[in-house]
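For the sequence shown, position 75 (counting from the first letter as 1) is numbered 436 according to our numbering, and the numbering increases by one without interruption. Every residue, glycine too, gets a C-beta built ideally from N, C-alpha and C. Computed from a predicted model, the values in this text were never measured in an experiment.
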Amino acid sequence: MTGHIESALRVLDEHISALNARDPSAIAATLHFPHFRLSGTGLKEWPTPETYFDDFKSRAGGDWSHSEFSDIKVVDSSQTKVHVDLEVLRYDTDDQLIARFRSLWVLTYDEGRWAAKFRSSFAPK
Numbered sequence: 362m363t364g365h366i367e368s369a370l371r372v373l374d375e376h377i378s379a380l381n382a383r384d385p386s387a388i389a390a391t392l393h394f395p396h397f398r399l400s401g402t403g404l405k406e407w408p409t410p411e412t413y414f415d416d417f418k419s420r421a422g423g424d425w426s427h428s429e430f431s432d433i434k435v436v437d438s439s440q441t442k443v444h445v446d447l448e449v450l451r452y453d454t455d456d457q458l459i460a461r462f463r464s465l466w467v468l469t470y471d472e473g474r475w476a477a478k479f480r481s482s483f484a485p486k
């Protein structure tokens, strides 16, 4: 594995850890803004980090406890961009699976750091 791929995959690890820690600042550090998410046919844009985590909690639902990434596959890469296909697993407070879906993440090296710029998700919301 090369350095740029390792750096991009590290961002995914940091993102899921920050999400599960419910740390909006740490989550924002794993994303480039504006940040984009395509789900179904709807495109959502977050121009700044301020509302990102609240929007996530709304999408995930009140029973959401934590999430995991699994089956992570690098689809393609360059020195400044990595496409990653992965599975997202969301769990409730009883550790029961409440959502499972594929997601394509586009991570870019921009402004001196690796972070996620865009993702396309098959999430229910």
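7 Å CB neighbourhood of residue i in its chain, flanking five on each side removed
i, result
"residue 436", "444, 445 and 446"
"residue 497", "Missing from the structure shown is residue 497; the chain here goes from 362 to 486 and no further."
Where the alpha helix (DSSP H) containing residue i begins and where it ends
i, result
"residue 429", "Segment 425-438 is the beta strand (DSSP E) holding residue 429; no alpha helix (DSSP H) there."
"residue 484", "Taken as a continuous stretch (DSSP letters only), residue 484 belongs to no alpha helix (DSSP H), as it is neither H nor E."
"residue 385", "385-389"
Boundaries of the beta strand (DSSP E) in which residue i is found, first to last residue
i, result
"residue 395", "392-400"
"residue 460", "458-471"
"residue 374", "No beta strand (DSSP E) holds residue 374; the alpha helix (DSSP H) holding it covers 364-381."
"residue 406", "403-407"
Proximal residues to residue i (C-beta, below 8 Å), its chain only, five neighbours per side dropped
i, result
"residue 479", "396, 397, 398, 399, 466 and 467"
"residue 377", "428, 429 and 430"
"residue 393", "469, 471, 472, 476, 477 and 478"
"residue 442", "467, 468, 469 and 470"
Residue i Cβ short of 7 Å to the ligand SAM heavy atom set
i, result
"residue 478", "For the ligand SAM, the structure offers nothing, since it holds no ligand at all."
Buried or exposed by the 16-neighbour rule on C-beta atoms within 10 Å, applied to residue i
i, result
"residue 454", "exposed"
"residue 474", "exposed"
"residue 391", "buried"
"residue 458", "exposed"
Reduced DSSP category for residue i - H, G, I as helix; E, B as strand; rest coil
i, result
"residue 422", "coil"
"residue 453", "strand"
Own chain, CB closer than 6 Å to residue i, minus 5 neighbours either side, in chain order
i, result
"residue 389", "410"
"residue 335", "The chain is shown only over 362 to 486; residue 335 falls outside these bounds and no answer can be derived."
C-beta neighbour in chain C for residue i, strict 8 Å
i, result
"residue 450", "In the displayed structure, chain C is absent; only one protein chain is listed."
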